[in-house]
Amino acid sequence: HENLIKKAKQILTENYQPSGFTLPCKNLYPFQWLWDSGFIAIGFAHFDMPKAKQEISTLLDAQWENGFIPHIIFHTDTDTYFPGADFHRSDLHPLSSKKYKSTGMTQPPVTGFVLEEMYNISTDKEDLLTYIESEIDKVFDNHRYFYEQRDINNEGLVYIYHNWESGTDNSPIWDDIWATVDSPRYDFKRRDTSHVDASQRPSKREYDHYLHIIEIAKEHNYSDEKIAELSPFLVQDPLFNAMLIKSNESLIKLYKRIGNNEDKVRQLEQWQQLSMTSFNSKLYDEELGCYIHYDLRNNKPLRYISSSSFAPLFANIPDKERAAEMVNTMMTKFGNPDQYLCASFDPTSKRYNPKQYWRGPVWINLNWMLYRGLAQYGYKNIAERVKQDTIALIEINGFYEYFDARKEAHGEVRAGYGGNDFSWSAALLIDMLS
Ligand code: DGY
Numbered sequence: 002h003e004n005l006i007k008k009a010k011q012i013l014t015e016n017y018q019p020s021g022f023t024l025p026c027k028n029l030y031p032f033q034w035l036w037d038s039g040f041i042a043i044g045f046a047h048f049d050m051p052k053a054k055q056e057i058s059t060l061l062d063a064q065w066e067n068g069f070i071p072h073i074i075f076h077t078d079t080d081t082y083f084p085g086a087d088f089h090r091s092d093l094h095p096l097s098s099k100k101y102k103s104t105g106m107t108q109p110p111v112t113g114f115v116l117e118e119m120y121n122i123s124t125d126k127e128d129l130l131t132y133i134e135s136e137i138d139k140v141f142d143n144h145r146y147f148y149e150q151r152d153i154n155n156e157g158l159v160y161i162y163h164n165w166e167s168g169t170d171n172s173p174i175w176d177d178i179w180a181t182v183d184s185p186r187y188d189f190k191r192r193d194t195s196h197v198d199a200s201q202r203p204s205k206r207e208y209d210h211y212l213h214i215i216e217i218a219k220e221h222n223y224s225d226e227k228i229a230e231l232s233p234f235l236v237q238d239p240l241f242n243a244m245l246i247k248s249n250e251s252l253i254k255l256y257k258r259i260g261n262n263e264d265k266v267r268q269l270e271q272w273q274q275l276s277m278t279s280f281n282s283k284l285y286d287e288e289l290g291c292y293i294h295y296d297l298r299n300n301k302p303l304r305y306i307s308s309s310s311f312a313p314l315f316a317n318i319p320d321k322e323r324a325a326e327m328v329n330t331m332m333t334k335f336g337n338p339d340q341y342l343c344a345s346f347d348p349t350s351k352r353y354n355p356k357q358y359w360r361g362p363v364w365i366n367l368n369w370m371l372y373r374g375l376a377q378y379g380y381k382n383i384a385e386r387v388k389q390d391t392i393a394l395i396e397i398n399g400f401y402e403y404f405d406a407r408k409e410a411h412g413e414v415r416a417g418y419g420g421n422d423f424s425w426s427a428a429l430l431i432d433m434l435s
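Numbering (the UniProt record's numbering) for the sequence shown: 2 to 435.
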């Protein structure tokens with residue numbers, strides 16, 4: 002796979018910006034995105050550690066005084082992205098960064114486990130530990146923000162208030178929520194659909210909802226309290242919370258390695274214990290045999306199966322018995338031999354759309370987590386299939402943003418969708434092949 006790795010490194014290097022971060026994808030995503038940065042740093046760690054460090058340092062430099070880390074950092078003024086800095090208005094929040102314009106929402110908290118990955122990959126452990134020591138408290142403060150501001154029931158499960166915080170932007174799971182919201186019909190000019198086929202992106206009506214929630218948050222200067230009270234979207238997401246749990250674990254390990262941080266370790270262990278317990282009691286659906294989302298606003302579970310349902314394997318959350326049930330669900334619903342693993346949404350559902358963003362296509366970051374998770378629980382063959390499917394999808398189509406899971410779709414026409422030369426597809430392939 003030498004050529005694939007070479008191409009992947011070239012993509013990352015070309016998407017790297019002189020100001021110290023990497024574009025997720027040229028044109029389509031012209032700024033820094035939180036979870037993209039995390040995955041990108043893992044890729045760089047294999048061949049250019051200074052860039053990996055810089056990526057994370059730039060991200061953490063944009064942290065707010067309350068520990069919050071935004072989902073997009075607008076390093077430049079380009080108007081080729083909508084909605085941009087002038088729409089999001091992070092300056093409305095009294096504790097937002099004075100240095101960077103950003104959004105007022107976040108994304109899955111990957112930073113903790115990314116630091117651990119970088120440490121594991123590094124050949125100069127001492128140097129890496131010194132680096133981690135200089136940054137780790139910012140990640141700790143970020144976790145404190147989550148547990149203090151976003152866990153309204155004090156149950157160890159944090160909410161997201163916007164679908165863009167989930168990372169799985171237009172998942173069919175959100176359809177149930179949009180059905181409860183009467184968003185205004187806004188007049189705006191999208192830019193994503195001038196870079197990418199509109200049928201592969203969220204709809205106009207969905208964008209109305211996305212903007213509507215931001216308008217509510219802005220009206221209250223991004224106050225967490227007000228958002229928790231008023232946002233029509235308030236969800237406990239298993240992918241998001243699994244990332245937090247995974248990152249807690251990494252912070253505990255790293256603090257122990259650094260030493261002299263007993264208080265922080267104790268605090269993290271406390272959060273972790275509560276999170277694990279609630280995650281397993283509240284977000285597991287016995288009948289479906291996997292984890293699901295919980296709609297806090299309407300007080301009900303959202304009983305759908307998506308690739309997020311299996312992400313807890315990566316964070317070591319289920320016991321062995323549950324893991325077996327989850328693998329069974331995954332293979333029954335998503336694992337048909339005529340499909341590549343792993344579709345982002347239940348291929349047997351009426352809401353499945355194999356070409357549209359998070360409504361069905363395979364995403365490399367979820368595959369990377371599932372590969373790790375399955376291997377960790379001893380499902381070597383299925384883990385290997387996820388890896389080989391990932392390689393095949395990229396080999397056939399290129400380093401796209403997402404891919405059709407149906408094998409029959411790959412042939413005459415390309416079945417990689419969204420942006421091309423997509424950074425995290427490159428970064429995580431490098432990691433899988435290393
Ligand atoms: C987009 O613009 O589609 C991004 O995913 C938002 O985070």
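The C-beta atom is built at its ideal place from N, Cα and C for all residues, glycine as well.
Which class does residue 39 belong to by DSSP, given the choice of helix, strand or coil?
Numbered from 1 along the sequence shown, position 38 holds the residue referred to as residue 39. Looking at residue 39 - three-state DSSP - the assignment turns out to be helix.
Comparing the CB of residue 165 with every heavy atom of the ligand DGY, is any distance shorter than 6 angstroms?
Here residue 165 refers to the residue found at position 164 of the sequence shown. Checking the Cβ of residue 165 against the ligand DGY gives yes.
So, is residue 282 buried or exposed, given that buried needs 16 or more other C-beta atoms within 10 angstroms?
As a first step, residue 282 must be located in the sequence shown, where it is residue number 281. Exposed is the call here.
Can you tell me the Cα-Cα spacing of residue 422 and residue 325, whole angstroms?
Numbered from its first residue, the sequence shown carries residue 422 at position 421. Numbered from its first residue, the sequence shown carries residue 325 at position 324. For residue 422 and residue 325, the distance between alpha carbons rounds to 36 angstroms.
How should residue 11 be labelled, buried or exposed, when 16 other C-beta atoms within 10 angstroms of its C-beta is the threshold for buried?
By one-based count along the sequence shown, residue 11 stands at place 10. By the 10 Å Cβ count, residue 11 comes out exposed.
Express the C-alpha separation of residue 298 and residue 50 in angstroms, rounding to a whole number.
For the purposes of this step, residue 50 is identified with residue 49 of the sequence shown, where counting begins at 1. For the purposes of this step, residue 298 is identified with residue 297 of the sequence shown, where counting begins at 1. Rounded to the nearest angstrom, the two C-alpha atoms are 43 angstroms apart.
I'd like the list of long-range same chain contacts for residue 294, defined as Cβ closer than 8 angstroms, with 5 residues on each side in sequence excluded.
Within the sequence shown, residue 294 is the residue found at index 293, counting from 1. Excluding sequence neighbours, residue 294 sits near 174, 236, 237, 238, 239, 284, 302, 303, 305, 309.
With a cut-off of 8 angstroms, do at least 3 Cβ pairs link the stretch 153 to 162 to the stretch 28 to 48?
no
As a quick exercise: from 85, 364, 70, 107, pick the residue whose alpha carbon is nearest that of residue 32.
If you number the sequence shown from 1, residue 32 lands on position 31. Here the closest residue by C-alpha is 85.
So, is residue 155 buried or exposed, given that buried needs 16 or more other C-beta atoms within 10 angstroms?
If you number the sequence shown from 1, residue 155 lands on position 154. Per the 10 Å Cβ criterion, exposed.
Quick one: Cα of residue 358 to Cα of residue 54, how far?
Residue 358 sits at position 357 when you count from the first residue of the sequence shown. Residue 54 sits at position 53 when you count from the first residue of the sequence shown. Going by the C-alpha atoms only, they are around 30 angstroms apart.
Please confirm whether residue 64 and residue 70 have their CB atoms less than 7 angstroms apart.
Walking along the sequence shown from the start, residue 64 turns up at place 63. Walking along the sequence shown from the start, residue 70 turns up at place 69. It is a contact, given that the beta carbons lie within the stated cut-off.
Taking the alpha-carbon of residue 210 as reference, which of 29, 171, 313, 223 has the nearest alpha-carbon?
Working through the sequence shown from its first residue, we reach residue 210 at position 209. Considering only alpha carbons, the answer is 171.
For residue 307, count neighbouring Cβ atoms within 10 angstroms of its own Cβ and tell me buried if that reaches 16, exposed if not.
In the sequence shown, counting from the first residue as 1, residue 307 sits at position 306. The residue is buried, with at least 16 neighbouring Cβ atoms inside 10 Å.
Under a Cβ-count criterion, where at least 16 other Cβ atoms within 10 Å of its own Cβ denotes burial, should residue 96 be classed as buried or exposed?
Taking the sequence shown and counting its residues from 1, one reaches residue 96 at position 95. Its Cβ having fewer than 16 others within 10 Å, residue 96 is exposed.
Rounded to whole angstroms, what's the CA-CA distance from residue 417 to residue 177? Just pull it up for me.
Counting from 1 along the sequence shown, the entry for residue 417 is found at position 416. Counting from 1 along the sequence shown, the entry for residue 177 is found at position 176. In a straight line, the C-alpha of residue 417 is about 28 angstroms away from that of residue 177.
Flag this pair as touching only if the stretch 102 to 117 and the stretch 249 to 269 have three or more C-beta atom pairs under 8 angstroms; answer yes or no.
Judged by Cβ distances under 8 angstroms, the stretch 102 to 117 makes contact with the stretch 249 to 269, as three or more pairs qualify.
Go through the stretch 224 to 275 residue by residue and report every complete run of the beta strand (DSSP E) that reaches 3 residues or more, in order.
none
If the criterion is Cβ atoms closer than 7 angstroms, does the pair residue 104 and residue 94 meet it?
On the sequence shown, position 103 is the one that residue 104 refers to. On the sequence shown, position 93 is the one that residue 94 refers to. Taking 7 angstroms as the Cβ cut-off, residue 104 and residue 94 do not qualify as a contacting pair.
Please identify the residue among 390, 201, 241 whose C-alpha is closest to the C-alpha of residue 339.
Counted from its first residue, the sequence shown places residue 339 at position 338. Considering only alpha carbons, the answer is 390.
In the DSSP assignment, the alpha helix (DSSP H) including residue 210 goes from what residue to what residue?
Residue mapping note: residue 210 aligns to position 209 of the sequence shown, counting from 1. Looking at the DSSP string, the run of the alpha helix (DSSP H) that includes residue 210 is 205 to 220.
Give the secondary structure of residue 102 by DSSP, where H, G and I count as helix, E and B as strand, and everything else as coil.
The residue given as residue 102 occupies position 101 in the sequence shown. In the structure shown, residue 102 sits in a strand (DSSP, three-state: E or B).
Is it true that the stretch 390 to 408 meets the stretch 359 to 379, where meeting means three or more beta-carbon pairs spaced less than 8 angstroms apart?
yes
Measuring from the CB of residue 238, is there a heavy atom of the ligand DGY at a distance below 6 angstroms?
Mapped onto the sequence shown, residue 238 falls at position 237. No, the Cβ of residue 238 stays beyond 6 angstroms of every heavy atom of the ligand DGY.
Quick one: what's got a C-beta closer than 7 angstroms to residue 17's C-beta in the same chain, skipping five residues either side?
Indexing the sequence shown from 1 puts residue 17 at position 16. Hits under 7 angstroms: 23, 52.
Given a cut-off of 7 angstroms on the beta-carbon distance, is the pair residue 157 and residue 279 in contact?
Translated into positions along the sequence shown, residue 157 becomes position 156. Translated into positions along the sequence shown, residue 279 becomes position 278. Contact flag set, yes.
Quick check on DSSP: helix, strand or coil for residue 140?
Counted from its first residue, the sequence shown places residue 140 at position 139. It is helical.
Is the closest heavy atom of the ligand DGY to the C-beta of residue 37 under 6 angstroms?
By one-based count along the sequence shown, residue 37 stands at place 36. Residue 37: no, Cβ never under 6 angstroms from the ligand DGY.
Specify, as a first and last residue, the run of the alpha helix (DSSP H) that residue 371 falls within.
Taking the first residue of the sequence shown as 1, we reach residue 371 at position 370. It spans 365 to 377 - the alpha helix (DSSP H) in which residue 371 sits, taken as one unbroken run.
Could you pull out every residue in the same chain whose Cβ sits closer than 6 angstroms to the Cβ of residue 259, ignoring the five residues on either side in sequence?
Counting from one through the sequence shown, the residue named residue 259 turns up at place 258. Closer than 6 angstroms at Cβ, skipping near neighbours: 134.
Quick one: Cα of residue 121 to Cα of residue 270, how far?
Residue numbering aside, residue 121 sits at position 120 when the sequence shown is read from its first letter. Residue numbering aside, residue 270 sits at position 269 when the sequence shown is read from its first letter. Rounded to whole angstroms, residue 121 to residue 270 spans 22 angstroms at the Cα level.
Mark residue 320 as exposed unless 16 or more other C-beta atoms lie within 10 angstroms of its C-beta, in which case mark it buried.
By one-based count along the sequence shown, residue 320 stands at place 319. Exposed.
Classify residue 190: buried if its beta carbon has 16 or more other beta carbons within 10 angstroms, exposed otherwise.
The residue labelled residue 190 in the question sits at position 189 within the sequence shown. Exposed, by the Cβ-count rule.
Whole alpha helix (DSSP H) runs in the stretch 125 to 179 with 4 or more residues, listed along the chain?
126 to 150, 164 to 167, 176 to 179
Count the other C-beta atoms from every protein chain shown that fall within 10 angstroms of the C-beta of residue 113, then say buried if there are 16 or more, exposed otherwise.
Within the sequence shown, numbered from 1, the residue matching residue 113 stands at position 112. Within 10 angstroms of the beta-carbon of residue 113 lie 16 or more other beta-carbons, which makes it buried.
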